[in-house]
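So the protein lines, in turn, are chains X and G.
Each residue of the first sequence is one higher than the last, beginning at 62 in my numbering.
Each residue of the second sequence is one higher than the last, beginning at 62 in my numbering.
Heads up, the beta-carbon is just placed ideally off N, CA and C, and yes, glycines get one too.
Quick caveat: nothing in here was measured; it's all calculated off a predicted structure.
Worksheet: the structure to be examined is printed underneath.
Protein chains: 2
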Amino acid sequence: MIKEKQSKHIELKNIKITDPFWSRICELVRTEVIPYQYEAFNDRIEGAEKSYCVSNFKKAAKVAAALREGKKSPTYPVDKWQYNDENSDKDSFHGFVFQDSDFYKWIEAVGFSLSNHPDGELKKKAQEVIDLICNAQLENGYINTFYTINNPSAAFTNIRDFHELYCFGHLTEGAIAYFNATGERALLDATCRYADLICETFGREEGKKRAYPGHEITEMALVKLYEITGEKKYLDEAKYFIDERGKRPCYFDVERNQETKDGDHVYEQAHLPVREQREAVGHAVRAVYLYSGMADIAKYYGDEELYSACKDLWDSIEKRKLYITGGIGATAHGEAFSFDYDLKNDMAYAETCASIGLVFFARRMAEIYPDSHYHNVAERALFNNILSGMAEDGKSFFYSNLLEINPEACKKDSRKHYVSPVRQKWFGCACCPPNLARIISSLGEYCFAQNEKTIFIHQYVGAQVKADNADFEIKSDYAENGKAEIIVSPKKAINLAVRIPEWSNDFSISCPYEIKDGYAYIKISEKTSVSLDFKPKAKLIKCSNRVRENVGKAALSRGPFIYCIEEIDNGKNLQMLRVNPDGEFLKDGNSIIADGFREKEDSALYYEYKEAEQMPVKIKFIPYHKWANRGENEMSVYFRI
Amino acid sequence: MIKEKQSKHIELKNIKITDPFWSRICELVRTEVIPYQYEAFNDRIEGAEKSYCVSNFKKAAKVAAALREGKKSPTYPVDKWQYNDENSDKDSFHGFVFQDSDFYKWIEAVGFSLSNHPDGELKKKAQEVIDLICNAQLENGYINTFYTINNPSAAFTNIRDFHELYCFGHLTEGAIAYFNATGERALLDATCRYADLICETFGREEGKKRAYPGHEITEMALVKLYEITGEKKYLDEAKYFIDERGKRPCYFDVERNQETKDGDHVYEQAHLPVREQREAVGHAVRAVYLYSGMADIAKYYGDEELYSACKDLWDSIEKRKLYITGGIGATAHGEAFSFDYDLKNDMAYAETCASIGLVFFARRMAEIYPDSHYHNVAERALFNNILSGMAEDGKSFFYSNLLEINPEACKKDSRKHYVSPVRQKWFGCACCPPNLARIISSLGEYCFAQNEKTIFIHQYVGAQVKADNADFEIKSDYAENGKAEIIVSPKKAINLAVRIPEWSNDFSISCPYEIKDGYAYIKISEKTSVSLDFKPKAKLIKCSNRVRENVGKAALSRGPFIYCIEEIDNGKNLQMLRVNPDGEFLKDGNSIIADGFREKEDSALYYEYKEAEQMPVKIKFIPYHKWANRGENEMSVYFRI
C-alpha cells in the first residue's frame, strides 16, 4: 500500500516563487523577519525579552576551548528551565534551555532564502553564526550551550524537559538547508559528528540510554540527515526513537526514578507505543512533529501499522480537532489538543507553530499517498492560522491565533492571561516567528511533488519549477481569483495531478482529466498549457453541531481564505451582529460586505423574551490573517445567522 | 437618608417555619447535614478528605494547658496554608489553616436549629464541642488551633492569608447563635474575651497593628457581637476594620515588607479604600462578606458615603455580574468576580458560599432601605444557586454551580479541573456545606423584618411569627403556585409591606394597597387575612446581549425557579436542541414540557451552510436546583430559541 503512490517534494533550489500573493510575504520574511531575528538573538531589539543566544554560544566556545586544554568543567546548576536572572554569574547560561534553537531556525531560514536569493551580506552573517556554533562543539561532537556552559557532565540527564534532542533536530534541519543552498559543509559536518554521538548514546543496545526526545523533531531531522548523507544509521536511529516512544516503563520516569502510571505522558505523546496512538493528544507542536517523523519512518520502512496510526491521527485532527482556520491545539493548558469537538473560539490556543507542524505532517502524508485531504488542510493552515501569525509589515507576531477576541477580556479575565489582542514584537520563548520564517522561505517544498510518472501540484503558488521529468511554470491568480495556468514542458509522457480545492463547488480545467482522491490527473506528453479556474465565491460555512460553541453561527470563506469581522469596521459588541444568510455577499477589494442586522443593546441584564429590536446594517469582513493590523479591537470569525 | 426606613430582621426564636417547600429542606439540614458535619469534623466519613478539626482542638487544648503551667511553646512551622501530610509530627497542626471554622459554622447551625427544635442529644454534642473550644483558649483570650499548636508566638503575623480573623468571625457568629437558642454563655464569654484581645491588638492607636481581615466576615460578626452585648467597642472595632481597608501602604504588604503597587490586592478588596470601591471585584465570598459589613457600619453610623458605595456595589452585582441563577463570581481564577457581563455558563464558578453571602448583603441593604431589588435577588439566589449546592437527599454538595455542564469536558479539559459534574460528599476546604446548613437553618431571618410602623414580608416562606407589634401567620403555597395567605393579628395599627416578586406580571392582593419600591403596603388595624396571588407562569428569559455567551439563547423560569434541561430527559448534545418560543409550555409536576426541535447530528466538521435538518421534540425542563440528582449527565440552563 505504502509503496504504491509515493512521491517526493521538489527541492527548493529548483523552484523560483513568482506568486502575486505569496511573493510579497516571502520578501517580507527575507527583508524583515530574517534580519529582525538576527538582531533579536544578538539582543539588540529594544523592549524585547532577551534571547542570550549569541552570548551563550560565545560562552560555550570558551568552555569548549578550556576543556580541550584539559581544564575543569564548570558546575553551574542545571535544574531550571529558564535562567533569566540578570544578576546570576555572568559566565553561566542565560535564557531558556532551548534557546540554541533560535540560531538553528534562523540558519535554516537563511539557507532557504539563499537558495533563491544569493546575498553575500547575509551569507557572511550566517558564516559568523556557523563559526560560533562550530566553536561551541565539544570534542565528542556534543553541541548544546546550556549544558556545555553550566555542566557538560550533566548532558543527556533530563531528556524529558531540557530539549537537547530538540535543539539537535533544529541544528540538523538548519545545517541541511544551509548546505543545500550553499554547498558549504562545515555546519553539516559538525552536525554529523553530533548525530554520531547521538547514535552512540541512544538505542536499544547494552550501555545505551533507552530514551527518546522529550520534544519531538529529532525524528524527522534524522530522516533528512539520512536523505542528504545516505547514512542509513541516521534513519535507523530515527526509527529507534519512534519505536521506543511510549513503551513501559517510560524512560522519562526511569531517568527520574519514578513509577509510570496509566495515562501519564500524554503531554509528550509517550502515553502509548506510537502504533497504538490513534487520537491526537498532548502538546500540539510536539504531536505533529512526532506524527511527521512517524510518516517518514512508515514510508521508508513500508511500515503499514505505523502508517495506519498516522492515518488515524490525521483523521483525529482533520475530522474532530481542527479549527476552521487550520489551527490546532484547542487549549492553552499544556498548549495541547483538547478532546473531540472542543474548539472554543475565545479560549483557543491554535499556536502558529502547531499549524506549521501540521503542514509538515500533511506534506509527508501526501507524499505517501496523494489524497487531497492533506493539502486541503495545509492550504487552510497556510492561508489562515499561519499567516495570521505575522503582521502585514512582518514586524510583530502572534503565538496564539484565537477565533474570537475581546480586548477587555484579555486584560481583565485571568483565564486569558496568554492572549494578546495585538501581535507582539518578539517572544522570550521565540518559537513561532522563526518557524514562520522557515516555512515561508521554504514554501515551494510544500507546493510541488513528483514521482516517476506524475507531477503533483498541491498548492497553486506561482513559480518556475524544474522537476526531474518536466519543467513547468505556474502563473497563479489563485489567492485572489482561484485561477492558475500551468505550462508544462515534459521530458517524457507524464501525469500532471492538480488538487481540486475542497472549497470549489464548480471548476473548469482546460484539458481532459480524470479525478481520483481529490486530484485531477491530466496526461501530458508535449508542452501543454493547462488553465484552471476554481471559481471562488463567498460561502457561509457551518461548523458541526457537535461543537457547542458554534451552534446557531456560521463563518465566511472565499477561496482559501476564512474571513472575520473586526470592531474597527463593524463597531463594538460584535456578538450583537447577525448575518442574513440569504443576503448578498459583495467582494470589495480584500473585503466582503454582507447584509445583516445589529441588535439594539439591551439595558436590563435579564428580561422576559421578546423579539430583539434590530436594524439592518452592512457587515464588513476581512480575511482572517489580516486582522489586528489596525490596532487593538474585537474580532470574531464566527457570527450569528 | 439612611435613618428613614430602617428595619430589623425578626429573630429566629420568634419564627416557626411551616412551609410546604422549605420545611422539607430545613428538616434535611437538621436531620442529615448537621449530623453529617459532626461526623465529618470527627473524621469519620469514609472516603472523604480529612478535616482534622476535632483532633486539632484537642492538641490545642493540651498546648493551652501546658502554657498555663509555664511550659515552653511549640515551634512547628507556620509557613503553609495546608498541612495534610499524614507523616508529619503527630502533635503538629493538620488540615487547612482555617479548619477551626468548620466547628464554628456547625455550632451556628446547631444554634439556629435548637431555636426551633430543642434536641437534648444535639445539645450534648454541641456542649462537647464548646468545651473543646473553650479548653483551647489561651490565657490572653486567643483561640486558633493552627497557631496555638504550631507556634503561639507567631499569632497575628500573617493576617492576609492565614484566616485568624476569619475564624474569629465564625466563632462569634456561632457563639451568638448558640447563646440565642440556649441562653448558655460559656462560648459567648470565651468569644468576648477573644474579641477583647482583637480590639487590643488591631487599631489605629500607637502600638496596635493597623491590619484588617485577609478574609472578611469579622466586620459583620463584630457588629452582631455589639448587638448582643451592647459593647460599643466591638462596633467601633468593626468600623475600624472597614475604614482601614484599602489604605496605602497596604498592611498586607507592610506585614511582609513589600511595596504595594497600584492595582494590588483586588483579590482581598484592599485595592482601594472601601468608600471608593464601586465595582464588585476579587474573591466573591470575601467581597459580599465585606459589603455586608460595610452595610452594617453604614447603618449604625449613618455613613452616607459608605452607604453610597454599598449601593453602587450592589448595582455592580445585580446589573452586570449576576448569573440568572443568583450565582456570583464568574471565574474560578481567584474564585472571583470577572469583568462586567463576563458570565460564562460552562466556566462559571458561582460558589454556593458566594450566593449565601449575597443574601447576607441583600438582607442588610433591605434593612437600610426596603427596595424589592434586594430580596428579588435573594430569592433568585435562595431558590436556585444556593439550593443547587445540596443534593435532594442532603448528602452531597456542589461548591461551584455552573450553568452548563458536559461531563466529558470536566474529565478531559484541564481548564475545568475545578468542575465536578456530580455533587461531592464533602470537601477538604469545606466552606459550602456548613454555610448551606447555617443559612437554611436560619432562613426565617431572611424572610421577615420589622420597624416601629411596618412589618416586611421579604420572602413568602410559610411560618408563624411573633413580631413586636403583631403576630402573624403565613400560609404559603408560593414556591409551587405563587400564592400566600397572611393572617395578621396586630397589637397596634401597622403597615404590612409585601414584596411583589419581579417575575410576577400579574398579581392580586385581597386588600387595598399602595406600591412603593416594589413592595405593596397594606394598612392593618385589626386582625386581617391578606390573600396574595402572584400567578406564576413559565416564561422565557433573555439575557442582555452584552453577555456574549447567551446571544441567540434564552432561559426558562417559572415563579422563583430557573429551569434547566438535563441529558437524562433530553438526550446527549443538548446544544442540538432548540425551543420554540411560540410553542406551549406545560407544567407537569415539577417539570415543564416545551415544544422544540432537535437538529440532526452533523457528520462533517465543516460544511457549506444549509438549513439544519431538525425534527420536532418535546423538551423537558426541571428546576435548576434539582439537577444532577439522577447521576452524571449534561445540563444546560440556556438553550437556543
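Taking DSSP as the reference, what is the three-state secondary structure of residue i?
i               : result
F229 of chain X : helix
R639 of chain G : strand
F658 of chain X : strand
S134 of chain X : coil
I289 of chain G : helix
A125 of chain G : helix
F646 of chain G : strand
V158 of chain G : coil
R560 of chain G : strand
Q675 of chain G : strand
P551 of chain G : strand
V349 of chain G : helix
S569 of chain X : strand
Q319 of chain G : coil
Within a Cβ cutoff of 6 Å, which residues of the same chain sit near residue i, ignoring the five residues on either side of it in sequence?
i               : result
Y350 of chain G : E277, I278 and G418
T386 of chain G : N445, N446, I623 and Y685
I76 of chain X  : G505, A524 and V526
K679 of chain X : I654
A125 of chain X : A197 and L199
Within the same chain, show all residues whose beta-carbon is closer than 7 Å to that of residue i, passing over the 5 residues directly before and after it, in chain order.
i               : result
L89 of chain G  : G455
V612 of chain G : N606
L356 of chain X : Position check: residue 356 of chain X holds Ala in this sequence, whereas Leu was assumed. Counting only Cβ-Cβ distances below 7 Å, and skipping sequence neighbours, we find C371, F422, R425, M426 and I429.
L258 of chain G : N201, G202 and Y203
Can you grab the Cα-Cα spacing for the pair residue i / residue j, in whole Å?
i               : j               : result
G450 of chain X : L463 of chain X : 11 Å
L638 of chain X : K603 of chain X : 17 Å
T321 of chain X : D297 of chain X : 27 Å
K285 of chain X : R607 of chain X : 39 Å
I501 of chain G : P621 of chain G : 17 Å
N205 of chain G : E225 of chain G : 7 Å
K293 of chain G : I303 of chain G : 15 Å
K633 of chain G : K405 of chain G : 21 Å
Q330 of chain X : D578 of chain X : 30 Å
P310 of chain G : Y328 of chain G : 16 Å
F217 of chain X : D630 of chain X : 53 Å
K553 of chain G : E587 of chain G : 8 Å
L262 of chain G : G230 of chain G : In the sequence as presented, Leu is not what sits at residue 262 of chain G; that position holds Thr. If you take the alpha carbons of T262 of chain G and G230 of chain G, they lie about 15 Å apart.
I289 of chain X : E245 of chain X : 13 Å
E266 of chain X : S457 of chain G : 55 Å
E575 of chain X : L666 of chain G : 27 Å
W167 of chain X : H434 of chain X : 31 Å
G650 of chain G : E469 of chain G : 30 Å
Give me the Cβ distance between residue i and residue j, rounded to the nearest whole Å; I'm assuming they're in contact under 8 Å.
i               : j               : result
K473 of chain X : S590 of chain G : 52 Å between Cβ atoms; not a contact.
F459 of chain G : I71 of chain G  : Not quite, the Cβ-Cβ distance comes to about 30 Å (not below 8 Å), so this is no contact.
I585 of chain X : A558 of chain X : No, I585 of chain X and A558 of chain X are not in contact; Cβ-Cβ is about 10 Å, not under 8 Å.
I466 of chain G : M696 of chain G : 5 Å
W142 of chain X : D80 of chain X  : The Cβ separation is near 40 Å, so there is no contact.
Pull up the DSSP beta-bridge partners for residue i, would you.
i               : result
C195 of chain X : Per DSSP, none; premise fails for C195 of chain X.
R701 of chain X : X:K614 and X:R639
A510 of chain G : G:H70 and G:F517
I680 of chain X : X:A655
F459 of chain G : For F459 of chain G, which the question treats as bridged, DSSP gives no partner whatsoever.
L593 of chain G : G:A545 and G:I570
State yes or no: is the C-beta of residue i nearer than 8 Å to some heavy atom of the ligand COA?
i               : result
F509 of chain X : For the structure depicted, the ligand COA is absent and the ligand set is empty, with no information on it obtainable.
Ordered along the chain, which non-local residues of its own chain (more than five positions away) have a Cβ less than 8 Å from that of residue i?
i               : result
N117 of chain G : F154, H155, G156, Q160, D161, T206, F207 and I210
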